[in-house]
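Undergrad:
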Ligand SMILES: Cc1cc2nc3c(=O)[nH]c(=O)nc-3n(C[C@H](O)[C@H](O)[C@H](O)COP(=O)(O)OP(=O)(O)OC[C@H]3O[C@@H](n4cnc5c(N)ncnc54)[C@H](O)[C@@H]3O)c2cc1C
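In this note's numbering, the protein residues as written are 156 to 621.
1. Assign residue 290 to buried or exposed, taking buried as 16 or more other Cβ atoms, counted over all protein chains shown, within 10 Å of its Cβ.
2. Roughly how many whole angstroms lie between the Cα atoms of residue 162 and residue 585?
3. Name the one or two DSSP bridge partners that residue 545 has.
4. Compare the C-alpha of residue 634 against each of 597, 521 and 542 and name the closest.
5. I believe residue 314 touches residue 409 by the beta-carbon criterion, under 8 angstroms. Please report the beta-carbon distance rounded to the nearest angstrom.
6. What is the rounded straight-line gap between the Cα of residue 372 and the Cα of residue 352?
7. Using DSSP bridges, identify the partner residues of residue 499.
8. At which residues does the alpha helix (DSSP H) containing residue 424 begin and terminate?
9. Report the option in 403, 391, 578 and 226 whose CA atom is closest to the CA atom of residue 238.
10. Decide if residue 605 is buried, meaning its Cβ has at least 16 other Cβ atoms within 10 Å, or exposed.
11. Considering only C-alpha positions, which residue in the set 243, 317, 564 and 416 is nearest to residue 182?
12. Taking only three categories from DSSP, how would you classify residue 440?
13. How is residue 449 classed by DSSP in three states: helix, strand or coil?
14. Hey, residue 175 and residue 202: beta-carbon distance below 7 angstroms or not?
15. With three or more C-beta pairs closer than 8 angstroms as the rule, is the region 442-456 touching the region 379-399?
16. Could you give the DSSP three-state label for residue 196: helix, strand or coil?
17. I believe residue 544 touches residue 566 by the beta-carbon criterion, under 8 angstroms. Please report the beta-carbon distance rounded to the nearest angstrom.
18. Give every residue of the same chain whose Cβ lies closer than 6 angstroms to the Cβ of residue 603, excluding the five residues on either side of it in the sequence, and list them in chain order.
19. Shortest alpha-carbon distance to residue 481 belongs to which of 430, 509 and 492?
20. If you reduce the DSSP assignment to three classes, tell me which class residue 272 lands in.
21. Report buried or exposed for residue 305, applying the criterion of at least 16 other Cβ atoms within 10 angstroms of its Cβ.
22. Does ligand 1 have even one heavy atom less than 6 angstroms from the beta-carbon of residue 187?
23. Any heavy atom of ligand 1 closer than 6 angstroms to the beta-carbon of residue 482?
24. Report the three-state DSSP secondary structure of residue 602 (helix, strand or coil).
25. Just to confirm, does residue 230 get its C-beta within under 6 angstroms of one of the non-hydrogen atoms of ligand 2?
26. Give the straight-line distance between the Cα atoms of residue 300 and residue 406, rounded to the nearest whole angstrom.
27. Just to confirm, are residue 327 and residue 335 a CB contact at a threshold of 7 angstroms?
28. Between which two residues does the alpha helix (DSSP H) containing residue 216 stretch?
29. Exposed or buried, which one is residue 412 when buried takes at least 16 other CB atoms within 10 Å?
30. Look at residue 392 and residue 514 and say whether their C-beta atoms are less than 7 angstroms apart.
31. Cβ of residue 262 within 6 angstroms of any heavy atom in ligand 1?
32. Would you mind giving the Cβ-Cβ distance between residue 377 and residue 286, rounded to the nearest angstrom? I have them listed as a contact below 8 angstroms.
33. Report buried or exposed for residue 428, applying the criterion of at least 16 other Cβ atoms within 10 angstroms of its Cβ.
34. If you run the structure through DSSP and keep just helix, strand and coil, what is residue 465?
35. Just list the residues that DSSP pairs residue 576 with in beta bridges.
36. Let me make sure I understand the geometry here. Which of 444, 278 and 421 has the alpha-carbon closest to that of residue 379?
This is the structure in structure tokens:
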């Protein structure tokens with residue numbers, strides 16, 4: 156269909172205020188937070204801002220009939236080009252459709268539209284003494300729709316898992332405009348094993364199977380107590396050893412974070428007042444629950460890790476906990492400031508490896524950085540083997556960019572070699588498709604068969620996942 160005719164049709168359908176066509180607006184939608192989409196921007200022909208299932212349905216029917224590519228988008232905080240329209244067409248921005256439809260406190264669940272911001276949902280739920288546990292670092296920006304589509308998680312995945320564990324049901328508009336409800340049409344049940352698990356099919360589907368228009372989430376009671384243990388190690392290998400000993404003692408902390416020597420240095424240069432000890436690694440254990448159990452878990456962790464660590468500190472007072480956590484909370488920002496003429500790029504940034512392979516992965520990533528002449532800062536969620544690597548480069552220097560891309564390729568291959576995954580959090584999007592066959596083998600054919608069945612004209616988010 157001719158572009159102008161498409162724009163005019165959509166304006167008639169939705170009203171001019173829900174359709175963006177100006178070049179500057181389109182530029183904003185031509186990339187997300189990933190480095191690679193900033194290198195290769197791809198603008199949509201138009202952007203639509205639906206605010207009802209009926210509107211989404213009409214747009215999908217129109218795109219389907221006219222074979223127009225359509226890319227759903229939340230807040231665009233994705234790190235893999237997932238919401239960048241690689242083939243142009245329509246971007247469907249769902250971020251302004253942000254109603255909290257119903258808090259069902261008695262049944263510990265909430266129903267929301269896709270554009271609700273994660274932190275705003277939890278602020279609202281705090282009034283009911285409930286929370287939605289997954290906690291991405293982008294909490295103040297990312298949408299629930301984007302979290303479901305990317306199966307997002309965060310540093311508390313150790314204890315609370317990923318978004319998928321909290322999805323009780325979804326409303327989805329399929330590529331041809333049909334609307335389905337997963338998890339039971341009228342169900343308010345928490346346990347439900349009836350039928351094939353279609354809900355899980357859409358969790359982590361990265362916008363290639365349909366548009367998520369409503370989400371029913373399971374909630375947990377907010378824990379009453381919290382405590383932090385900080386442990387400092389002179390040997391890198393002692394850090395994962397200490398983590399395994401804590402698990403063996405029957406303790407499941409809500410978070411276990413690692414900063415290696417590169418991250419410690421970056422933090423101290425960025426905020427000298429934090430003054431982290433010079434060490435090979437620092438671990439931060441967070442425990443939560445009822446105050447007596449928090450106290451027992453914290454003091455037991457101290458006892459265990461003291462066998463491995465140079466120094467250990469335990470705190471439950473809010474000010475001291477904040478001070479111990481400050482280094483971790485500024486690590487990502489510190490990485491961007493390591494070089495005056497450079498910046499941190501988001502590429503190869505979230506591999507995950509088995510727990511027993513974390514020290515090996517960190518050492519090998521440092522060696523790969525040296526091999527390619529690229530400085531890296533390493534930190535991450537050691538409790539579940541999710542390693543964050545921040546390559547620091549001058550993004551304006553093409554030769555440096557080329558070396559960084561080779562480094563990133565090596566990091567992804569390393570993850571597979573260590574029996575891990577190319578992505579523990581951020582997904583595949585446009586930037587990790589080439590590893591699909593290596594990571595999943597013939598299972599990719601099954602993924603393709605599902606995609607073909609739901610989206611025979613391949614209009615949904617082309618160029619992503621596999
Ligand atoms: C500073 C920062 C920190 C981050 N920290 C974390 C972290 O700790 N853990 C983590 O997991 N991620 C993290 N991320 C990545 C990102 O925030 C998450 O993947 C998030 O879930 C994306 O949400 P979004 O609303 O921005 O989605 P977008 O980036 O807009 O979209 C992401 C994908 O979802 C699809 N999509 C979006 N909405 C819908 C919908 N309604 N229906 C169907 N498909 C849809 C898009 O097509 C795209 O493929 C971080 C990003 C940044 C910038």
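Heads up, the beta-carbon is just placed ideally off N, CA and C, and yes, glycines get one too.
TA: To lay it out plainly:
1. Residue 290 sits at position 135 when you count from the first residue of the chain shown. Answer is buried; the Cβ neighbour count reaches 16.
2. Translated into the one-based positions of the chain shown, residue 162 becomes position 7. Translated into the one-based positions of the chain shown, residue 585 becomes position 430. Using only the alpha carbons, I get a separation of about 26 angstroms.
3. Here residue 545 refers to the residue found at position 390 when the chain shown is read from its first residue. Partner(s): 532.
4. In this structure the chain extends from 156 to 621, so residue 634 is not present and cannot be described.
5. Locating residue 314 in the chain shown gives position 159, counting from the first residue. Locating residue 409 in the chain shown gives position 254, counting from the first residue. The beta carbons of residue 314 and residue 409 sit about 4 angstroms from each other, so the pair counts as a contact at 8 angstroms.
6. Translated into the one-based positions of the chain shown, residue 372 becomes position 217. Translated into the one-based positions of the chain shown, residue 352 becomes position 197. The C-alpha of residue 372 lies about 16 angstroms from the C-alpha of residue 352.
7. Position 344 of the chain shown, counted from the first residue, corresponds to residue 499. In the DSSP output, where bridge partners are listed per residue, residue 499 has 547.
8. If you number the chain shown from 1, residue 424 lands on position 269. DSSP places residue 424 in the uninterrupted alpha helix (DSSP H) bounded by 416-425.
9. Here the question's residue 238 lines up with position 83 in the chain shown. Of 403, 391, 578 and 226, the smallest CA-CA separation from residue 238 is found for 226.
10. Here residue 605 corresponds to residue number 450 of the chain shown, with the count starting at 1. So residue 605 counts as exposed.
11. For the purposes of this step, residue 182 is taken as residue 27 along the chain shown, with counting starting at 1. Restricting attention to 243, 317, 564 and 416, the CA atom closest to the CA of residue 182 is found in 243.
12. Translated into the one-based positions of the chain shown, residue 440 becomes position 285. Here residue 440 sits in strand by DSSP.
13. To locate residue 449, count along the chain shown from 1; it is residue 294. Of the three classes helix, strand and coil, the one that applies to residue 449 here is helix, per DSSP.
14. Here the question's residue 175 lines up with position 20 in the chain shown. Here the question's residue 202 lines up with position 47 in the chain shown. Yes, these two residues count as a Cβ contact at 7 angstroms.
15. Segments in contact, yes.
16. In the chain shown, counting from the first residue as 1, residue 196 sits at position 41. The answer is coil: DSSP assigns residue 196 none of H, G, I, E or B.
17. Counting from one through the chain shown, the residue named residue 544 turns up at place 389. Counting from one through the chain shown, the residue named residue 566 turns up at place 411. With 8 angstroms as the limit, residue 544 and residue 566 qualify as a contact, their Cβ atoms being about 6 angstroms apart.
18. Numbered from its first residue, the chain shown carries residue 603 at position 448. Correct list: empty, nothing qualifies.
19. Taking the chain shown and counting its residues from 1, the one referred to as residue 481 is at position 326. Minimum Cα distance to residue 481 is reached at 430.
20. Start at 1 with the first residue of the chain shown, and residue 272 comes out as number 117. Residue 272 falls in the strand class under three-state DSSP.
21. Within the chain shown, numbered from 1, the residue matching residue 305 stands at position 150. Buried.
22. As a working mapping, residue 187 is identified with position 32 in the chain shown. For ligand 1, at least one heavy atom lies less than 6 angstroms from the Cβ of residue 187.
23. To locate residue 482, count along the chain shown from 1; it is residue 327. For residue 482, the Cβ stays outside the 6 angstroms cut-off from all heavy atoms of ligand 1.
24. Against the chain shown, residue 602 aligns to sequence position 447. Correct three-state label for residue 602: helix.
25. Inclusion of ligand 2 in the displayed structure is not the case, the ligand content consisting of ligand 1 alone.
26. Here residue 300 corresponds to residue number 145 of the chain shown, with the count starting at 1. Here residue 406 corresponds to residue number 251 of the chain shown, with the count starting at 1. Each residue's CA atom was taken as its position, placing residue 300 and residue 406 some 32 angstroms apart.
27. The count along the chain shown starts at 1 and reaches residue 327 at position 172. The count along the chain shown starts at 1 and reaches residue 335 at position 180. A contact, by the Cβ cut-off of 7 angstroms.
28. Within the chain shown, residue 216 is the residue found at index 61, counting from 1. That run of the alpha helix (DSSP H) goes 208-220.
29. Within the chain shown, numbered from 1, the residue matching residue 412 stands at position 257. Answer is buried; the Cβ neighbour count reaches 16.
30. Position 237 of the chain shown, counted from the start, is the residue given in the question as residue 392. Position 359 of the chain shown, counted from the start, is the residue given in the question as residue 514. Going by C-beta atoms, residue 392 is nearer than 7 angstroms to residue 514.
31. Working through the chain shown from its first residue, we reach residue 262 at position 107. No, since every heavy atom of ligand 1 falls outside the 6 angstroms radius drawn around the Cβ of residue 262.
32. Walking along the chain shown from the start, residue 377 turns up at place 222. Walking along the chain shown from the start, residue 286 turns up at place 131. Distance from residue 377 to residue 286 at the Cβ level is roughly 5 angstroms; contact confirmed, criterion being Cβ atoms closer than 8 angstroms.
33. Here residue 428 corresponds to residue number 273 of the chain shown, with the count starting at 1. Classification for residue 428: exposed.
34. Residue 465 sits at position 310 when you count from the first residue of the chain shown. Residue 465 falls in the coil class under three-state DSSP.
35. By 1-based counting over the chain shown, the position of residue 576 is 421. Bridge partners of residue 576: 507.
36. As a first step, residue 379 must be located in the chain shown, where it is residue number 224. Comparing Cα positions, the closest option is 444.
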